[in-house]
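Participant: If you read the protein sequences in the order shown, they are chains A and B. Positions 187 to 1075 (our numbering) are the ones given, in order, by the first sequence. Positions 2 to 144 (our numbering) are the ones given, in order, by the second sequence. Structure incoming, see below.
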Amino acid sequence: MANADCIIIQGSNMAECHPVGFQWVAEAKARGAKVIHIDPRFTRTSAVADKHLPIRAGSDVVLLGALINYVIANDLWFKEYVTAYTNAATLVHEDYRDAEDLGGLFSGFDPEKGAYDNSSWAYDEADEGAIGEPAGPEHGAEAGARASGDTFGSGGPPLEHAEVLRDDTLQDPRTVFQIVKRHYARYTPEMVRDMCGISEADFAYLAKTITENSGRDRTTCFAYAVGWTQHSLGAQFIRAAAILQLLLGNVGRPGGGIMALRGHASIQGSTDIPTLFNLLPGYLPMPSAGRHDTLEEYLKANASKNQKGFWADADAYTISLLKAWWGDAATADNDWAYDYLPRLTGAHGTYETVMSMLRDEVEGYFLLGQNPAVGSAHGRMQRLGMSHLKWLVVRDLNMIESATWWKDGPEIESGELRSEDIETEVFFLPAATHVEKAGSFTQTQRLLQWRHQAVAPPGECQSELQFFYELGHLIREKLAGSQDERDRPLLDLTWDYPTDDHGDPDPESVLAEINGRHLTGPDAGKPLSAYTELRADGSTTAGCWIYTGVYAEGINHAANRKPGQEQGPAATEWGWAWPANRRILYNRASADPAGKPWSERKKYIWWDEDQGKWVGEDVPDFPPTLAPGSKPDPSVGGPAALSGDDPFIMQSDGKGWLFAPKGLVDGPLPTHYEAQESPVANRLYPQQQSPARLKYPRKDNLSAPSAGSPGTDVYPYVFTTYRLTEHHTAGGMSRWLPYLSELQPEMFCEVSPELAAERGLEPYGWATIISARSAIEAKVLVTERMTPLTVGDHTVHQIGLPYHWGVGNSAVVSGDAANDLLGVTLDPNVQIQESKVASCDIRPGRRPRGPELLALVAEYQERAGLTVETGNRTVTDPAEGEHPGGPTP
Amino acid sequence: MQSVCPYCAVGCGQRVYVKDEKVVQIEGDPDSPISRGRLCPKGSASEQLVNSPGRQTKVLYRAPRAKEWQRLDLSTAVDMIADRFIESRRRTWQQEDDEGRLLRRTMGIASLGGATLDNEENYLIKKLFTAAGAVQTENQARI
């Protein structure tokens, strides 16, 4: 970011939520870069930006789409980059129909399942065919259920092959370029004014600033956080930015890209090595029954040997993982113990699990440094779900609300639950802090950094490493001798790690297993140096193939600590970044098709003709000796099929995807839909909400009506949730610290002076905020930082709610939880909830206590005429509007 | 001792100062090319994360229908958890689906958490739960 000439921060309050990272934005600005902050709230990020553009929460695709339209219509796209490095020239099959033609739906929509059959979005193929997926089509409903979008965390969706048809003039109406151009033609500055609440003059400033700072000599960077991800079409927000950045040539270059600002120390690591239901390490999918029943089916579905790039070798990554886990028990004869892996049969994400708890299908639950009673959407559903468990294990540093809901939670206060009726056994096990154990975190730029242990954990505190090592040991001991076939995967599991005097396993030995080693040949036993050494014949292991190399030569490279001041800007000798210690992904794109830097100013990786290899500031993200002009036959498949101008080496055609023929379940191009709850009608399409969003029509998960249909005025305002500098998510690591609690002691809401006047809210007095699910109270902060927006013919008031507090008696500071207001509606690609925009009312005074709180929520629901159908129509009926809940008109 | 801040994902370098086997101060690491010695209010307060008087250091147990916690020693607790894990797994085991396809799993055990933990810890959790057939492991990345 320090190398950017323009930085757009949207969906993030970087200065307050990632303050130390923000120093690089400040560095860029000091060198003359423009910084623009686009956010519903004016924050400290806005205060130091060149400009703040207040935006209506949830309307980002309109704005980004209008920027795409501006770039194309004004011929400001980076022609050489776009033609060579993206799929702009690729032809799409003639069966494809755009959302522009079908009232906001793409071809292939299945209204019964509320999902797409995406086969018509495919690339065109010679002889009138279409390039499908190697294992055949998968219905969007099934792909969405396994949150298949997550599997593209280290590479793109598979294709049968990469023999695409191209029109390098980009004139054919079926080229990606022309499709993108048509799709965004109605995303105009006027539309931005009427949907986002951003004036035409402000849009012109934004568009001009970005385009003047993109090209050979200059680069623009985007930064986002959960302000983009937590929407019913969150993945498409980021896709929209990706299209814009590709069109401007801002990917794979210094000062370019799209920076995901993640909020937990190792949330990237826990995605790479996933404690997630749908993934295995390194973004390999968890097998699904019916699609991945055999190893052969599994490997075929993940990648074709005929597609381009390094994902074609996913068989080697998979079998090396199975060898790491089951050692000698994984043999060629038993398909490397593939059948030891459990199978998915649908959506098993955290929100599904909570609903399963309410159906008494889940008996035991582990909470490991996470506080869902406060931090997950729909807190009441979370807590009631836990009250159905037989046993709950909470491992944390502090006595968080998720451990105490049975004695002092909101439902005890309201009378919905009584402690003496709750059967759940609760174990609280104290955890070790970051300085009481050694191990690696992976930060937001894929950089692994090792922490050394400073002291031993106090009392009975333990690391998760020790706890799970011992639990695994004990379970295996108790099952020893079992003849039950189901116990084989546990008993055959490799589970021998050297321990110290306290029984703590050596974390470096686990890192070595993650890295992998040679099993046979002259190097047997030696750590692998690179994932390209992995083989599909059982001769290598790797617990997470993208991390292979972190332990090359038996050295813990995550612990590399050459001081930054002694290194160049890429600082490649501090920590270790996956893959292969590359700091900028796809950096071959920092050179032109001939291999020369686009400009002296933006020089990064280039082709050295004399040495016959790629050289520069970073580890080249490209086959090291593949010359720029190489044109191998694409039918050879795999890395060998990559051309010298295919910088996107993990994509199945080597190109950056403007249009996504595969991989997304809710459309090949980002398209604006309103949120699940919105007072505003979608002006772009008759379709109000994303037709493929995951809906949960339940009595305990009601939605407010939208778009002026009856009852919308009962919840007339928009709220958005956010973080403060002084607290950390649900507060488990901040509300128990006296320093931080003193700095931010209580829950508040931010409202504009206009809204305060409209509702009679007194500064520093109390307000009650009511949604279709719950009601909470907060102190009132009246501030011009909140701007009422004129959107179409009415004014939209937005309310800001920090979400750090929870109800309980153990923390230094407590308060109502903003997440209690939220419902559960999810993005179908990744199953993330929509929590950055929802509808509410606000009124002065504290909320009622006891059963009267429930009565207040019910009175609102009744007045708005809510039923389980409200807001949950899949395809909007334009005649009827969005609201099907009331009497039939 | 060199360490890394445990809060957000910027990954600021920390220096942890220890005296008599106790953490006495945590400061920014000037060598870090990411943070250049700086820490935000949370990172600066992280010494209290370690030494806060309200921190729990003992195992507690809440029996069914109880109104209060009781003490339990660690090894008893882990043994009880292992028993419950095995029993719940057995009770809720799904070997095949209706069409006879292999499932080899339990939907009776779930977990949430990992984004604040180490890679090595996530690795052991995923490995153990997958081998046990407990597919519902999730963390903040879903949220």
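Don't be surprised by glycine CBs; every beta carbon is placed ideally from N, CA and C.
1. Could I get the ranges of all uninterrupted alpha helix (DSSP H) runs contained in the stretch 443–468 of chain A, with 4 residues as the minimum, in chain order?
2. When we look at the beta-carbon of D670 of chain A and count the other beta-carbons within 10 Å, is it buried (16 or more) or exposed?
3. Quick check on K799 of chain A: does DSSP put it in helix, strand or coil?
4. Can you tell which of B:V51, B:R105, B:L113 and B:A67 has its C-alpha closest to the C-alpha of A132 of chain B?
5. Under a three-way DSSP split, which group does I985 of chain A fall into?
6. Quick check on Q629 of chain A: does DSSP put it in helix, strand or coil?
7. Buried or exposed: where does P34 of chain B fall if 16 or more other Cβ atoms within 10 Å of its Cβ makes it buried?
8. Quick one: what's I35 of chain B bridged to in DSSP?
9. Between which two residues does the beta strand (DSSP E) holding S4 of chain B run?
10. For A710 of chain A, does the three-state DSSP call read helix, strand or coil?
11. Considering only residues of the stretch 7–86 of chain B, which uninterrupted alpha helix (DSSP H) runs meet the minimum length of 4 residues and lie entirely inside it, listed in chain order?
12. Below 9 Å on C-beta distance, what does E22 of chain B contact in chain A?
13. Looking at the unbroken alpha helix (DSSP H) that takes in P939 of chain A, where does it start and where does it end?
14. Cα separation between G1071 of chain A and S889 of chain A?
15. Since Q454 of chain A contacts I1018 of chain A with CB under 8 Å, what's their CB separation in whole angstroms?
16. Just to confirm before moving on: does the CB-CB distance between D236 of chain A and R404 of chain A stay below 9 Å?
17. Around the C-beta of V999 of chain A, are 16 or more other C-beta atoms found within 10 angstroms, so that it is buried, or is it exposed?
18. Measuring CB atoms only, is the stretch 114–132 of chain B touching the stretch 534–543 of chain A, in the sense that at least three cross pairs come out at less than 8 Å?
19. Just checking: is the beta-carbon of E28 of chain B within a distance shorter than 9 Å of some beta-carbon in chain A?
20. By the 10 Å Cβ neighbour count, where 16 or more other Cβ atoms means buried, how is R674 of chain A classified, buried or exposed?
21. Please give me, in chain order, every unbroken run of the alpha helix (DSSP H) with length at least 4 that falls completely inside the stretch 308–368 of chain A.
22. For the beta strand (DSSP E) that contains Q95 of chain B, what are its first and last residues?
23. Quick one: what's P1030 of chain A bridged to in DSSP?
24. Looking at chain B, which residues of the stretch 588–618 of chain A have a Cβ within less than 8 Å of any of its Cβ atoms?
25. Identify the continuous beta strand (DSSP E) that holds C407 of chain A and give its terminal residues.
26. Give me the residue from A:K215, A:A216, A:P528 and A:S245 with the minimum Cα distance to R869 of chain A.
27. Using a Cβ-Cβ cutoff of less than 8 Å, which residues in the same chain neighbour I254 of chain A once the five nearest sequence positions on both sides are dropped?
28. Could you pull out every residue in the same chain whose Cβ sits closer than 8 Å to the Cβ of G595 of chain A, ignoring the five residues on either side in sequence?
29. Which ranges would you report for the beta strand (DSSP E) in the stretch 987–1046 of chain A if only whole runs of at least 3 residues count?
30. Does at least one heavy atom of the ligand FMN sit under 8 Å from the Cβ of Y256 of chain A?
31. Quick one: residues in its chain with C-beta nearer than 6 Å to the C-beta of P1073 of chain A, no 5 flanking neighbours on either side, listed in chain order?
32. Tell me where the alpha helix (DSSP H) around F423 of chain A begins and ends.
33. List the residues of chain B whose Cβ lies closer than 7 Å to the Cβ of M585 of chain A, in chain order.
34. Can you list the alpha helix (DSSP H) stretches of 4 or more residues lying completely in the stretch 507–543 of chain A, in chain order?
35. Within the same chain, show all residues whose beta-carbon is closer than 7 Å to that of S876 of chain A, passing over the 5 residues directly before and after it, in chain order.
36. Enumerate in chain order the residues of its own chain whose CB-to-CB distance from D358 of chain A is below 8 Å, with the five nearest sequence positions on each side excluded.
Facilitator: Reading from the atomic positions:
1. Listed in chain order, they are 455–458.
2. exposed
3. strand
4. B:R105
5. strand
6. coil
7. buried
8. Looking at the DSSP assignment, I35 of chain B forms no beta bridge with any residue, so it has no partner.
9. Q3 to V5
10. coil
11. The qualifying runs are 42–45 and 47–52.
12. V641 and A642
13. P939 to R945 is the span of the alpha helix (DSSP H), which, as asked, contains P939 of chain A.
14. Residue confidence is low: G1071 of chain A scores 34 on pLDDT, short of 50, so the model does not pin down where it sits. Its coordinate-derived value is still stated next. The straight-line gap from Cα to Cα measures roughly 10 Å.
15. Contact doesn't hold; Cβ gap of about 15 Å is too wide.
16. For the pair D236 of chain A and R404 of chain A, the CB atoms are not nearer than the 9 Å cut-off.
17. buried
18. no
19. no
20. buried
21. 326–331
22. W94 to E97
23. Its beta-bridge partners are A:A953.
24. W592, K593, S605, E606, D607, I608, E609, T610, E611, V612, F613, F614, L615 and P616
25. T406 to Y410
26. A:S245
27. V366, Y370, Y373, A426, I429, L430 and L433
28. A559, R569, E587, L603, V993 and G994
29. 1024–1030
30. Questions concerning the ligand FMN fall outside what the structure shown contains, since it holds no ligand whatsoever.
31. Note on P1073 of chain A: pLDDT 30, under 50, position unreliable in the model; the coordinate value appears next. So the list is empty, once near-sequence residues are dropped.
32. G420 to L433
33. Q57
34. Counting only runs of 4+ residues, no alpha helix (DSSP H) is found wholly inside the stretch 507–543 of chain A.
35. S418, L419, D852 and Y859
36. So the qualifying residues of the chain are L277 and Q364.
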